[in-house]
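Under my numbering, think of the first position of the sequence shown as 1027, with each following residue one higher. Every residue, glycine too, gets a C-beta built ideally from N, C-alpha and C. None of the values given here were measured: they were computed from a predicted structure.
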Amino acid sequence: MDYIKVGKIANTHGVRGELKVQSLTDYDERFSEGHSYYIGEEKKEVHIKSFRNHKGMLIMVFEEFDNINQCEKYKGDFLYVSKEDRYELPEDSYYVDDLIGFEVLHEGEKIGVLKEIQTSYVNDIYIIETPGGDIMIPAVKEFILEINLEDKRIFVNLIEGILE
């Protein structure tokens, strides 16, 4: 089974098995009670009992944990969903893991490969691996002209001098 990261476990919260989770998704409503999630490297299956927002983080209670000792070992680990359980995205929205490795073209010529996407509150940043080193491109319409999922290509408009 393939897994997608949807949260990073920052810390425990209290002594009753609550975890403080940083959401890695744009859709916090995806965290709902009863659905299967997977936690840690071993992908232990867990189910959300409840969750709430607290100071920019999610405080989650899982059915499988009722004290701090059961969940403390997961600090720093990730929370996953199976790839089959991903949300259907709106048009012109993409999952990061679907785009990594795409060829990046400027004016019809390949300039590199999408290596990484850094997320921020303003916009995502595409890290492109080029022969001259990595470059960063903001993921906005002025720079990202087209994403072709079928051909695994991203067409970009670069500012003058960025490849030098």
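Checklist entry - Since V1032 and L1050 are thought to touch, with beta carbons under 8 Å apart, how far apart are those beta carbons, to the nearest angstrom? => result The residue labelled residue 1032 in the question sits at position 6 within the sequence shown. The residue labelled residue 1050 in the question sits at position 24 within the sequence shown. Rounded, the Cβ-Cβ distance is 6 Å, consistent with contact.
Checklist entry - Taking just the CA atoms, how far does Y1152 sit from E1142? => result If you number the sequence shown from 1, residue 1142 lands on position 116. If you number the sequence shown from 1, residue 1152 lands on position 126. Going by the C-alpha atoms only, they are around 6 Å apart.
Checklist entry - Going along the chain, which unbroken runs of the alpha helix (DSSP H) with 4 or more residues stay wholly within the region 1033-1102? => result Here the runs fully enclosed are 1094-1097.
Checklist entry - Between which two residues does the beta strand (DSSP E) harbouring V1139 extend? => result Here residue 1139 corresponds to residue number 113 of the sequence shown, with the count starting at 1. It spans E1135 to Q1144 - the beta strand (DSSP E) in which V1139 sits, taken as one unbroken run.
Next on the checklist: I believe G1138 touches V1148 by the beta-carbon criterion, under 8 Å. Please report the beta-carbon distance rounded to the nearest angstrom.
Outcome noted: Against the sequence shown, residue 1138 aligns to sequence position 112. Against the sequence shown, residue 1148 aligns to sequence position 122. Their Cβ separation, rounded to whole angstroms, is 23 Å, which puts G1138 and V1148 out of contact at 8 Å.
Next on the checklist: In the DSSP output, what is L1005 paired with across the bridge?
Outcome noted: Since the first residue shown for the chain is 1027 and the last is 1190, residue 1005 is missing from the structure and cannot be characterised.
Checklist entry - Which first and last residues belong to the alpha helix (DSSP H) in which D1124 is found? => result Locating residue 1124 in the sequence shown gives position 98, counting from the first residue. Run containing D1124: V1122 to L1125, per the alpha helix (DSSP H) assignment.
Next on the checklist: With distance defined between alpha-carbon atoms, name the residue in E1135, E1059, D1103 and L1175 nearest to Y1121.
Outcome noted: The residue given as residue 1121 occupies position 95 in the sequence shown. For the residues E1135, E1059, D1103 and L1175, the minimum Cα distance to Y1121 belongs to L1175.
Checklist entry - Grouping DSSP H, G and I as helix and E and B as strand, with all else coil, what is D1111? => result Your numbering for residue 1111 matches position 85 in the sequence shown. DSSP places D1111 in helix when its eight states are reduced to three.
Checklist entry - Tell me which same chain residues have a C-beta within less than 8 Å of the C-beta of I1094, skipping the five on either side of it? => result Here residue 1094 is taken as the residue at index 68 of the sequence shown, counted from 1. Closer than 8 Å at the Cβ level, and outside the excluded window around I1094, lie T1038, G1040, V1041, R1042 and G1043.
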